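**Q**
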Amino acid sequence: MQTPSKHPRLAFSTLCLAVLLISNGGVVVRAQTLQDPLPPPPAITPAMTPAAGSTLTPLAPLRQDPSVRIKDIAFVEGDRVNHVSGEGLVFGLSGTGGKSQQTRQMLTNYYLRRGVRVGQVDTKNISAVMVSGKIPAYARPGETILVTVSVADDASSLRGGTLNQTALRGIDDEIYAIAQGAIIGGGISAEGAGANVQKNHPTVGVCEAIVERAVPCGRIVNNGSLRLVLRNKSYSTATAIGNALNRIFPGRARALDSGTVQVFIPSTFANSVTEFISTIGNLRVEPDTPARVVINQKTGSIVLGHNVKIAPVLFASENIVIATTETPIASQPNPLAGGDTVVLPRTGIDLFESGGRYNVLPGGMTVGDLATALNSLAVSPTTLISIMTTLRNQGALKAELVIE
Numbered sequence: 001m002q003t004p005s006k007h008p009r010l011a012f013s014t015l016c017l018a019v020l021l022i023s024n025g026g027v028v029v030r031a032q033t034l035q036d037p038l039p040p041p042p043a044i045t046p047a048m049t050p051a052a053g054s055t056l057t058p059l060a061p062l063r064q065d066p067s068v069r070i071k072d073i074a075f076v077e078g079d080r081v082n083h084v085s086g087e088g089l090v091f092g093l094s095g096t097g098g099k100s101q102q103t104r105q106m107l108t109n110y111y112l113r114r115g116v117r118v119g120q121v122d123t124k125n126i127s128a129v130m131v132s133g134k135i136p137a138y139a140r141p142g143e144t145i146l147v148t149v150s151v152a153d154d155a156s157s158l159r160g161g162t163l164n165q166t167a168l169r170g171i172d173d174e175i176y177a178i179a180q181g182a183i184i185g186g187g188i189s190a191e192g193a194g195a196n197v198q199k200n201h202p203t204v205g206v207c208e209a210i211v212e213r214a215v216p217c218g219r220i221v222n223n224g225s226l227r228l229v230l231r232n233k234s235y236s237t238a239t240a241i242g243n244a245l246n247r248i249f250p251g252r253a254r255a256l257d258s259g260t261v262q263v264f265i266p267s268t269f270a271n272s273v274t275e276f277i278s279t280i281g282n283l284r285v286e287p288d289t290p291a292r293v294v295i296n297q298k299t300g301s302i303v304l305g306h307n308v309k310i311a312p313v314l315f316a317s318e319n320i321v322i323a324t325t326e327t328p329i330a331s332q333p334n335p336l337a338g339g340d341t342v343v344l345p346r347t348g349i350d351l352f353e354s355g356g357r358y359n360v361l362p363g364g365m366t367v368g369d370l371a372t373a374l375n376s377l378a379v380s381p382t383t384l385i386s387i388m389t390t391l392r393n394q395g396a397l398k399a400e401l402v403i404e
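Just so you know, we're using full-length UniProt numbering here: the sequence shown kicks off at 1 and counts up by one.
#1: Name the one or two DSSP bridge partners that alanine 167 has.
#2: Taking leucine 304 as the reference, which of Lys71, Lys398, Tyr176 has the closest Cα?
#3: How would you call threonine 382, buried or exposed, if buried means at least 16 neighbouring beta carbons within 10 angstroms?
#4: Are there 16 or more other CB atoms within 10 angstroms of the CB of tyrosine 176, so buried, or fewer, so exposed?
#5: Between the Cα of valine 204 and the Cα atoms of Val147, Gly395, Tyr235, which residue gives the shortest distance?
#6: Let me check understanding here. Comparing Cα to Cα, which of Ala311, Thr166, Arg231, Asp288 lies closest to glutamate 77?
#7: In its own chain, which residues sit with a C-beta less than 6 Å from the C-beta of isoleucine 295, not counting the 5 before and 5 after it?
#8: Below 8 Å between beta carbons: does that hold for leucine 163 and cysteine 207?
#9: Check whether the stretch 87-98 touches the stretch 265-276, taking contact to mean three or more Cβ pairs, one atom from each stretch, closer than 8 Å.
#10: Within the same chain, show all residues whose beta-carbon is closer than 8 Å to that of threonine 260, passing over the 5 residues directly before and after it, in chain order.
#11: Is it buried or exposed, leucine 112, if we count other Cβ atoms within 10 angstroms and call 16 or more buried?
#12: Please confirm whether valine 215 and isoleucine 145 have their CB atoms less than 8 Å apart.
#13: Alpha carbon to alpha carbon, what distance is there between glycine 218 and asparagine 82?
#14: Alpha carbon to alpha carbon, how far is isoleucine 178 from asparagine 307?
#15: With C-beta atoms as the reference, is glutamine 116 less than 8 Å away from glycine 86?
#16: Could you please give the first and the last residue of the uninterrupted alpha helix (DSSP H) stretch that includes asparagine 246?
#17: Going by DSSP in three states, arginine 113 sits in which element: helix, strand or coil?
#18: I need the straight-line Cα distance from leucine 401 to lysine 298, nearest angstrom please.
#19: I need the straight-line Cα distance from glycine 133 to valine 84, nearest angstrom please.
#20: Thinking just about the alpha-carbon of each residue, which of Pro287, Ala137, Pro266, Asn282 is nearest to the one in lysine 233?
#21: Check leucine 401 in the structure and name its three-state DSSP category.
#22: Rounded to whole angstroms, what is the Cα-Cα separation between alanine 209 and alanine 182?
#23: Out of Leu245, Val342, Ser258, Arg114, which has the shortest C-alpha to C-alpha gap to isoleucine 265?
#24: Taking the beta strand (DSSP E) that serine 67 falls in, what are its first and last residues?
#25: Distance, Cα to Cα, isoleucine 126 vs arginine 213?
#26: Between the Cα of proline 202 and those of Asp173, Ala74, Ser157, Asp257, spot the shortest distance and give me the residue it belongs to.
#27: Using DSSP with H/G/I as helix, E/B as strand and the rest coil, what is isoleucine 183?
#28: Is the Cβ-Cβ distance between valine 211 and proline 141 less than 8 Å?
#29: Identify, in the order they occur along the chain, each residue of the same chain with its Cβ nearer than 8 Å to the Cβ of alanine 139, setting aside the five sequence neighbours on each side.
#30: Decide if isoleucine 70 is buried, meaning its Cβ has at least 16 other Cβ atoms within 10 Å, or exposed.
#31: The beta strand (DSSP E) that contains phenylalanine 269, what's its start and end?
#32: Are the CB atoms of alanine 128 and glutamine 102 nearer to each other than 8 Å?
#33: Quick one: using the 10 Å Cβ neighbour count with 16 as the cut-off for buried, is valine 342 buried or exposed?
#34: Quick test of your reading: arginine 284 and valine 68, contact by CB under 8 Å. State the CB separation rounded to the nearest angstrom.
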């Protein structure tokens with residue numbers, strides 16, 4: 001990589017930057033001091049579109065009001081769903097059923113339970129399935145829920161099938177719901193002598209089930225208090241919830257840990273706990289949003305949090321070079337205003353290809369800015385993942401990196 005020539009219109013102080021070279025799967029990290037600034041490249045315009053095949057998606061900034069309702073980020077301890085499952089048979093398939101011994105045995109047992117004696121059974125239009133679902137808290141007998149029906153044998157598709165009456169049991173082996181009806185959803189598959197095609201998942205669908213027994217729910221009030229459980233653990237968010245509750249009900253809430261807030265029920269709500277839960281659930285707080293980058297290696301997708309930051313760094317990936325720089329500026333108020341002089345950060349991101357193409361992305365040093373710059377150069381998802389991983393390893397990525 002050649003050092004760009006000096007340009008008299010730019011004046012940067014000497015920067016000690018990290019150089020990360022990614023080539024042929026290997027990563028080399030070294031420190032480099034830049035004495036000369038990069039030449040001024042053409043600015044990236046909004047008209048530039050992301051590169052084809054690149055799935056780097058910078059998240060949009062938060063709306064002006066980042067507050068949310070408490071009930072959207074927490075739930076009352078004791079209010080929980082319960083899992084149920086069962087095994088059944090799907091009839092009416094068009095030659096896509098299972099042909100395994102398991103399917104034949106289940107069909108034979110089905111007939112025997114009904115007093116029908118059969119000889120050799122044909123299962124080409126039948127499939128053995130696993131049915132699973134979730135019963136919400138406080139569900140009452142007669143309510144309808146949706147359950148998932150999944151092939152448990154070698155059937156190739158559930159399209160057009162009907163689930164026979166299937167009992168759904170809880171962990172205590174009690175029957176809580178009965179599933180039966182036409183299979184909805186699923187995908188399509190077709191095959192011939194030399195080729196086959198499949199869209200979505202034809203071996204999975206959904207069906208309706210009727211709740212037959214109310215699921216026992218845990219106690220939500222213990223010794224005059226209840227607990228709110230955060231969906232995403234955060235000490236800051238738990239403290240914010242406690243403070244919001246104490247402003248309305250002084251001295252009634254306290255954060256126990258990063259995921260639990262204890263709330264003491266006021267005497268005025270002693271006989272109307274449901275109303276109290278509704279009241280506190282509609283209070284608004286501003287939750288803490290963690291700086292996080294999530295990478296899905298299977299799909300090549302990267303999701304970036306709005307508050308993810310990158311430290312000043314210069315790195316090269318194959319024929320791409322990216323440099324981020326910090327140039328603080330002094331802000332001096334009007335002498336008559338009576339204010340103080342403060343130092344404000346100013347960040348720039350310089351990106352160019354070794355072949356001579358340069359791009360500049362001014363503004364805040366965020367991953368979203370980096371994403372825009374990389375997308376304009378047709379960077380592949382694989383390279384994007386390598387860049388993010390290397391930034392994390394070097395310490396320049398100021399965020400949690402989650403690889404799925």
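Note that CB positions come from ideal geometry on N, CA and C, so glycine has one too.
None of these values were measured; they are calculated from a predicted model.
**A** Let me lay it out:
#1: Position 167 of the sequence shown, counted from the start, is the residue given in the question as residue 167. DSSP lists Ile178 as partners of alanine 167.
#2: If you number the sequence shown from 1, residue 304 lands on position 304. Taking only the C-alpha atoms, the option nearest leucine 304 is Lys398.
#3: As a first step, residue 382 must be located in the sequence shown, where it is residue number 382. Threonine 382 should be labelled exposed.
#4: Here residue 176 is taken as the residue at index 176 of the sequence shown, counted from 1. With 16 or more Cβ atoms within 10 Å of its Cβ, tyrosine 176 is classed as buried.
#5: Indexing the sequence shown from 1 puts residue 204 at position 204. That would be Val147, whose Cα lies nearest to the Cα of valine 204.
#6: Reading the sequence shown from its first residue, position 77 is the one you call residue 77. Restricting attention to Ala311, Thr166, Arg231, Asp288, the CA atom closest to the CA of glutamate 77 is found in Arg231.
#7: Numbered from its first residue, the sequence shown carries residue 295 at position 295. Leaving aside the five residues that flank isoleucine 295 on each side, the residues in its chain whose CB is nearer than 6 Å to its CB run, in chain order, Ile302, Ile385, Ile403.
#8: Taking the sequence shown and counting its residues from 1, the one referred to as residue 163 is at position 163. Taking the sequence shown and counting its residues from 1, the one referred to as residue 207 is at position 207. With contacts defined by Cβ atoms closer than 8 Å, leucine 163 and cysteine 207 form a contacting pair.
#9: Because the criterion of three Cβ pairs below 8 Å is not met, the stretch 87-98 and the stretch 265-276 do not touch.
#10: As a first step, residue 260 is located in the sequence shown; it is residue number 260 there, counting from the start. Within the same chain, threonine 260 has close Cβ partners Glu77, Arg227, Leu228, Val229, Leu230, Ala238.
#11: Position 112 of the sequence shown, counted from the start, is the residue given in the question as residue 112. Using a 10 angstroms sphere on the CB of leucine 112, the tally of other CB atoms stays under 16, which defines it as exposed.
#12: Taking the sequence shown and counting its residues from 1, the one referred to as residue 215 is at position 215. Taking the sequence shown and counting its residues from 1, the one referred to as residue 145 is at position 145. It is not a contact, given that the beta carbons lie outside the stated cut-off.
#13: Walking along the sequence shown from the start, residue 82 turns up at place 82. Walking along the sequence shown from the start, residue 218 turns up at place 218. Those two C-alpha atoms are separated by around 11 Å.
#14: The residue labelled residue 178 in the question sits at position 178 within the sequence shown. The residue labelled residue 307 in the question sits at position 307 within the sequence shown. So the alpha carbons of these two residues sit roughly 47 Å apart.
#15: Translated into the one-based positions of the sequence shown, residue 116 becomes position 116. Translated into the one-based positions of the sequence shown, residue 86 becomes position 86. Strictly speaking, residue 116 in this sequence is valine, with glutamine absent from that position. No. Outside cutoff.
#16: Here residue 246 corresponds to residue number 246 of the sequence shown, with the count starting at 1. Annotation for asparagine 246: the continuous alpha helix (DSSP H) segment containing it runs 235-248.
#17: Along the sequence shown, one-based indexing puts residue 113 at 113. Correct three-state label for arginine 113: helix.
#18: For the purposes of this step, residue 401 is identified with residue 401 of the sequence shown, where counting begins at 1. For the purposes of this step, residue 298 is identified with residue 298 of the sequence shown, where counting begins at 1. Each residue's Cα considered, the two are about 16 Å apart.
#19: What you label residue 133 is simply residue 133 of the sequence shown in a count that begins at 1. What you label residue 84 is simply residue 84 of the sequence shown in a count that begins at 1. Our two residues, glycine 133 and valine 84, have alpha carbons roughly 5 Å apart in a direct line.
#20: Taking the sequence shown and counting its residues from 1, the one referred to as residue 233 is at position 233. Ranking Pro287, Ala137, Pro266, Asn282 by Cα distance to lysine 233 puts Pro287 first.
#21: Position 401 of the sequence shown, counting from 1, holds the residue named residue 401. Of the three classes helix, strand and coil, the one that applies to leucine 401 here is strand, per DSSP.
#22: Taking the sequence shown and counting its residues from 1, one reaches residue 209 at position 209. Taking the sequence shown and counting its residues from 1, one reaches residue 182 at position 182. Roughly 11 Å separates the two Cα atoms.
#23: Residue 265 sits at position 265 when you count from the first residue of the sequence shown. Among Leu245, Val342, Ser258, Arg114, the Cα nearest to that of isoleucine 265 is on Leu245.
#24: Along the sequence shown, read from residue 1 onward, the residue named residue 67 stands at position 67. In this chain, serine 67 is not harboured by any beta strand (DSSP E), its DSSP state being neither H nor E.
#25: Sequence index remark: in the sequence shown, residue 126 carries index 126 (1-based). Sequence index remark: in the sequence shown, residue 213 carries index 213 (1-based). So the alpha carbons of these two residues sit roughly 29 Å apart.
#26: Looking up residue 202 in the sequence shown gives position 202. Of the candidates Asp173, Ala74, Ser157, Asp257, the one whose C-alpha sits nearest the C-alpha of proline 202 is Ser157.
#27: Position 183 of the sequence shown, counting from 1, holds the residue named residue 183. Coil.
#28: Numbered from its first residue, the sequence shown carries residue 211 at position 211. Numbered from its first residue, the sequence shown carries residue 141 at position 141. Yes, these two residues count as a Cβ contact at 8 Å.
#29: The residue you call residue 139 lines up with position 139 of the sequence shown. If we look at alanine 139 and ignore the five residues flanking it on each side, its Cβ neighbours are Ile145, Val211, Ala214, Val215.
#30: Taking the sequence shown and counting its residues from 1, one reaches residue 70 at position 70. Isoleucine 70 comes out buried.
#31: Sequence index remark: in the sequence shown, residue 269 carries index 269 (1-based). DSSP places phenylalanine 269 in no beta strand (DSSP E); its state is neither H nor E.
#32: Residue 128 sits at position 128 when you count from the first residue of the sequence shown. Residue 102 sits at position 102 when you count from the first residue of the sequence shown. Cβ atoms of alanine 128 and glutamine 102: closer than 8 Å.
#33: For the purposes of this step, residue 342 is taken as the residue at position 342 of the sequence shown. Valine 342 should be labelled exposed.
#34: For the purposes of this step, residue 284 is identified with residue 284 of the sequence shown, where counting begins at 1. For the purposes of this step, residue 68 is identified with residue 68 of the sequence shown, where counting begins at 1. About 7 Å separates the two Cβ atoms, so the contact holds.
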